[in-house]
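Engineer: Residue numbers (my numbering): 29 to 334.
Where a beta carbon is used, it is the ideal one built from N, C-alpha and C, also for glycine.
One structure, pasted below without further comment.
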């Protein structure tokens, strides 16, 4: 692939008390033919994330139209798995008009740094408001995925739900800091709410320079499932990866084909991560974060060649 970087779209820049920094994990959906909504996680001064949105035009492309004045989903109640921050990762539009918003709850630990577990919020008013399905995770910890069951990307296909997510139960010390170790796993569900305890590993750690992955994003193109994901690289931070599959379960990694990397300077000079790839007017675009997990906002790139 070859991508042409187009620059930044949005930086939070202290808009509100709940939105001081970051615009993490841009998660797009079409509001109509002329407008794209990006669900994003923004942070307050304490670094606690909440979910808002940024609306941009589809023609001309990526002109900011509207920004959320208040969170569409706030942090959880005291003592819940998402009391210390939430990260949006996937939006699913169902045939009856219901929207399922999948997110990650950030739970601070004492003997470990944190846990990441998956929650679900539902909208029945076309996205005007979202309410939690439940106060507990829909992906709860299990023996094989004790600390991490997060980063989900979900599609509704042929009457069932398919999820790709990050799961793991290990930590690794890098430069004196404990860092998470996890793989990208796969699950299916009849209702999008109830999921098995254990997923099938579909993207595994393959060399000593990797220790985990970020939110996968899957499209169907040219008769294949194509996955864009973030690779946590030791001593470097995030880089983007790419894989292909005929069934969405068994994947061939082709990271060398991703065709996009950090810039020499600027907002994405240290990292590229959390990409989403969509088709707009017969052209494919990538929306992604740069340095410091999206602290510098999110930007975009245009596909020049597959």
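Does the separation of the CB atoms of residue 299 and residue 272 fall below 9 Å?
Structural biologist: The answer is no: Cβ separation not under 9 Å.
Engineer: Can you tell me the Cα-Cα spacing of residue 200 and residue 74, whole angstroms?
Structural biologist: Straight-line Cα distance between these residues: approximately 25 Å.
Engineer: Assuming residue 176 is part of the beta strand (DSSP E), what are its boundary residues?
Structural biologist: Unbroken beta strand (DSSP E) run through residue 176: 176 to 185.
Engineer: According to the neighbour-count rule (16 or more other Cβ atoms, all chains shown, within 10 Å of its Cβ), is residue 222 buried or exposed?
Structural biologist: So residue 222 ends up on the exposed side.
Engineer: Distance check for residue 244 and residue 281, CA to CA, integer angstroms please.
Structural biologist: Their backbone Cα atoms lie some 13 Å apart in a straight line.
Engineer: Considering only DSSP beta bridges, list what residue 296 is partnered with.
Structural biologist: DSSP, once it has assigned bridges, lists no residue as partnering residue 296.
Engineer: Exposed or buried, which one is residue 169 when buried takes at least 16 other CB atoms within 10 Å?
Structural biologist: Buried, since its Cβ has 16 or more Cβ neighbours within 10 Å.
Engineer: Would you report the Cα separation of residue 96 and residue 81, rounded to the nearest angstrom?
Structural biologist: Their Cα atoms are separated by approximately 5 Å.
Engineer: Less than 9 Å separating the beta-carbons of residue 52 and residue 115?
Structural biologist: Yes, they are a contact pair.
Engineer: Buried or exposed for residue 254, going by 16 or more other Cβ atoms inside 10 Å?
Structural biologist: Label assigned to residue 254: buried.
Engineer: With the cut-off set at 9 Å, would you say residue 206 and residue 121 are in Cβ contact?
Structural biologist: Not closer than 9 Å, so no.
Engineer: Per DSSP, what kind of secondary structure is residue 236 in: helix, strand or coil?
Structural biologist: In this structure, residue 236 counts as coil in the three-state DSSP scheme.
Engineer: What did DSSP end up calling residue 322 once you bin it into helix, strand or coil?
Structural biologist: Looking at residue 322 - three-state DSSP - the assignment turns out to be helix.
Engineer: Is residue 83 helix, strand or coil by DSSP?
Structural biologist: Three-state result, residue 83: strand.
Engineer: Taking C-beta to C-beta, are residue 118 and residue 182 nearer than 9 Å?
Structural biologist: Contact: yes.
Engineer: Provide the residue span of the beta strand (DSSP E) that contains residue 255, from first to last.
Structural biologist: Segment 252 to 261, the beta strand (DSSP E) holding residue 255.
Engineer: Using DSSP's beta-bridge definition, name the partner residues of residue 69.
Structural biologist: Bridge partners of residue 69: 52 and 79.
Engineer: If we ignore side chains and look at the alpha-carbon of each, how far apart do residue 317 and residue 49 end up?
Structural biologist: Their backbone Cα atoms lie some 13 Å apart in a straight line.
Engineer: Hey, how far is the Cα of residue 238 from the Cα of residue 209?
Structural biologist: One C-alpha to the other measures close to 9 Å.
Engineer: Does the beta-carbon distance from residue 99 to residue 78 come in below 9 Å?
Structural biologist: It is a contact, given that the beta carbons lie within the stated cut-off.
Engineer: Could you check what DSSP says for residue 284 in three-state terms: helix, strand or coil?
Structural biologist: Here residue 284 sits in helix by DSSP.
Engineer: Could you tell me which residues DSSP pairs with residue 316 in its beta bridges?
Structural biologist: DSSP output for residue 316 lists 327 as bridge partner(s).
Engineer: Any C-beta of chain B sitting closer than 9 Å to the C-beta of residue 271?
Structural biologist: Absence of chain B from the displayed structure is noted, only one protein chain being present.
Engineer: Which value, in whole angstroms, describes the spacing of the CA atoms of residue 228 and residue 136?
Structural biologist: The straight-line gap from Cα to Cα measures roughly 27 Å.
Engineer: Does the distance from the CB of residue 189 to the CB of residue 219 come in under 9 Å?
Structural biologist: Against a cut-off of 9 Å, the Cβ pair of residue 219 and residue 189 comes out as a contact.
Engineer: Alpha carbon to alpha carbon, how far is residue 330 from residue 308?
Structural biologist: Going from the Cα of residue 330 to the Cα of residue 308 covers about 10 Å.
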